[in-house]
Structures are given as C-alpha cells and as structure tokens.
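S.K.:
There are 2 protein chains.
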Amino acid sequence: MALLGADVRLTPHRREVFEVLQGSTDHPTATDIFTRVKDRSPSISLATVYNCLEHLSSAGLIKQVHLERGQSRYCANLHEHVHFHCETCGKVTDAHPAAGFDPAKFWNLPAGTKITRTELAIHGTCASCATKG
Amino acid sequence: MALLGADVRLTPHRREVFEVLQGSTDHPTATDIFTRVKDRSPSISLATVYNCLEHLSSAGLIKQVHLERGQSRYCANLHEHVHFHCETCGKVTDAHPAAGFDPAKFWNLPAGTKITRTELAIHGTCASCATKG
DNA sequence: TGAACACTTTAGAATCATTCCAATTCTAAT
DNA sequence: ATTAGAATTGGAATGATTCTAAAGTGTTCA
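Chains A and B, in that order, give the protein sequences.
If you count by my numbering, then the first sequence holds residues 381 to 513, one letter each, in order.
If you count by my numbering, then the second sequence holds residues 381 to 513, one letter each, in order.
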C-alpha cells in the first residue's frame, strides 16, 4: 500500500493497528491501541504496536498528535482538521473547517520556508464540562 | 509578581530561569535551561528548574510548547505567535501574525465550547535548509 | 524444493524525560 | 528569635519510548 511516496507492507499486525485506529475517534495513545489490538491478537507486543504506528505514520496513513506532555496520541482522520482538547475531561475531538482555509497564509514566515504540515491545537473546556462547571 | 490571575513569588532561581528563557530565542528544553542557568548558579538542580518552569508557566509568564515526541520546550514570547519547526535542522522559530486572526472562527466547534488558548505548529523545512538541500 | 536474504515480530533491557519524595533550607510574619 | 509555609535539593521512582538480539516469516530465484 503506497501513499504520499512511502510504502508500507500491510502485514496482519499493521492492518489491525490501522483498523483499530480507524475505528477509534478518541485519539488513543500507543498503550490504548495496544490494549485494543490485544483483544483480537493476544500475542502482539507493545514494541510491535510502536513499530506499526511508526511505519503507518511515516507512510502517511495515520497522524501523530502532540497536545500535551506525556504520551503521543494517534489519529486516522486524514481530512483537514484541528484538534480540540478539553482541559477538564482530557477528551480530544476533531473539528473540521468552516471554510477552505490555509492557516499558513496568516503568518509571516521567512521567504523560502517550505511547509509540509500544520497542526492546530485548541485547548479549552468542552461544552459538556462547561455545563457541569 | 502577578499576571493572569496567578501569583508567583519571584525567588532568585525562578528569576534566573525566567531571565535565561527571555534571553533565548531557540525554545530551549528543560535540560537546555538547566545547563544555561547552571553557568550562573552552579548549585541549582534539574528538579528546581522543572519546578520553576511549572510555576512560571502556570502563572502565565512563560509557555510550554509541545511540537514533537520527547522533551517539552519553553518560550517566553507572550505575544500572539505560532511556531515554525524545521524538520531538517530541528530549529524552532516564532512567526507573528500578518493580520489579526482568530483561528477559532474558522473551525466548527460544538456550541458551548470555551477556548482558553490555541497552539499552531507549522512543520516544514526552513529557508536555510531548503537552500542546502 | 530450498538456500539466501530481507523484513517483521518479540520480550526484555535500556534510555530518556519527568515527577515524586523526604530532608533541608529559606523567607516572611509574628 | 520562632514558627509556619514555601522553595530547593539529590536521589529514587515512574512512565513513555526506543533499542537489541534472537526468532519467525515470507519471498525470490537458482
């Protein structure tokens, strides 16, 4: 399977990791994914999960997300989107653009800079936590 | 010293950590800061540097930045800005807005969501690395 | 078919960043 | 000066991730 120039041989483990991530909307961490994949393939090791995530993300099939100190999270949503992180309950949700929009245009980057990707993280309180508080 | 609602007693160590960070434009990590502060105060410990950074950032005097897996970086630039991260040389530079811009307006967040801060990271190749490559 | 080779997977060890802890020192206000 | 609360320390502990060496799984093609 090829995408964005890089190849990944889609071994059973890699496929499972990918499928588990595609079936998750909560931006799981590597250990979350490990736990979920283990239900189907009890023999898989955490090292393999890391390895699979590494290969899948360098092939562009998934994305790594870094929102806070601690564990990386992963995301199989390849559409243009940003991440909303609730500082109260910790949940991370995707938000999609209201209109086609290139954030890079709004910032003065030095001439000659090449952009490969942008990551926008919005931190705050989600509607549900805001109501309770 | 008070700002944004929180207080910090500005002890000598905290002041030094803050000054070192203010004098740095390279978004140093905690150990980078530890090394630099050690030149002036050889007895300071890494735990104290972490402690100072924690207090300074919860008081709103500095910001933590999470761009990639691994160490957190810190930044004393409180003006509205985004971070450009060169994937080739690893340098992180600030970019300031071309025009007043509220990223939150462009994304469909659920009604009732409260935003406390946004962090935009732009990854790519800096002009200097792009020329060499 | 099967020898050779490359890639994948594994468990556990190692590393690295960060946090915790208990003891000590400092500061500010009685 | 005394005392309480906060700051600082070094080292231990934790947690996430990466490394390593060995074993497994194909795949190629003579």
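For each residue, glycine too, the CB sits at the ideal point set by N, CA and C.
Note that the structure is a prediction, hence the values are computed from the model and not measured.
Beta carbons nearer than 9 Å to chain A: which residues of the segment 490-502 of chain B have them?
M.R.: P490, A491, G492, T493, K494, I495, T496, R497, T498, E499, L500, A501 and I502
S.K.: Please state if the CB of H463 of chain B and the CB of I413 of chain B are separated by a distance shorter than 8 Å.
M.R.: Taking 8 Å as the Cβ cut-off, I413 of chain B and H463 of chain B do not qualify as a contacting pair.
S.K.: Of all the options A:N431, A:V445, A:S437 and A:R394, which has the alpha carbon lying nearest to the alpha carbon of R420 of chain A?
M.R.: A:R394
S.K.: Please report the residue range of the beta strand (DSSP E) in which D412 of chain B lies.
M.R.: Unbroken run through D412 of chain B is the alpha helix (DSSP H), A410 to R420; no beta strand (DSSP E).
S.K.: Since V472 of chain B sits in a beta bridge, which residues does DSSP pair it with?
M.R.: B:H465
S.K.: Closer than 8 Å, Cβ to Cβ, to anything on chain A: give me those residues from the segment 421-432 of chain B, in chain order.
M.R.: none
S.K.: Which bits of chain A does E467 of chain B rub up against, with CB to CB less than 8 Å?
M.R.: Contacts between E467 of chain B and chain A, judged by CB atoms closer than 8 Å, involve T496 in chain order.
S.K.: How would you write the range of the alpha helix (DSSP H) that K512 of chain A sits in, first residue to last?
M.R.: A507 to K512
S.K.: Taking the alpha-carbon of A510 of chain B as reference, which of A:C509, A:P490, A:G504 and A:K443 has the nearest alpha-carbon?
M.R.: A:P490
S.K.: In three-state terms, what does DSSP make of Q444 of chain A?
M.R.: strand
S.K.: So who's on the other strand from A456 of chain B, going by DSSP bridges?
M.R.: BP columns for A456 of chain B are empty, so no partner.
S.K.: With distances taken Cα to Cα, identify the nearest neighbour of E396 of chain B among B:K418, B:S438 and B:W487.
M.R.: B:K418
S.K.: Could you check whether S452 of chain B and R497 of chain A sit closer than 8 Å to each other, using their CB atoms as the reference points?
M.R.: no
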